[in-house]
Amino acid sequence: MFPFLSFNITGLSLTTHYNVFVEIVLADPNHWRFQGGKWVTCGKADNNMQGTED
1 MFPFLSFNIT GLSLTTHYNV FVEIVLADPN HWRFQGGKWV TCGKADNNMQ
51 GTED
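In full-length UniProt numbering, the protein residues as written are 1 to 54.
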């Protein structure tokens, strides 16, 4: 479901510790399925994501 993520980060100090974060957010309110060679909506997604603040 999720794409493979790959990063190449350069120019950082070798003696410093860094944190890298990736945030995945709901892009639209629909569930999707692949049917008949194309993506079609198949209902509304649950909007009960925890841990997010707007």
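The beta-carbon is built from N, C-alpha and C at its ideal position, and this holds for glycine as well.
query, result
"Inter-residue Cα distance where the pair is Asp-28 and Gly-43", "11 angstroms"
"Per-residue DSSP class, three states only, for His-17", "coil"
"His-31 versus Thr-10 - alpha carbon distance", "37 angstroms"
"Cross-strand partners of Val-40 (DSSP beta bridge)", "Arg-33"
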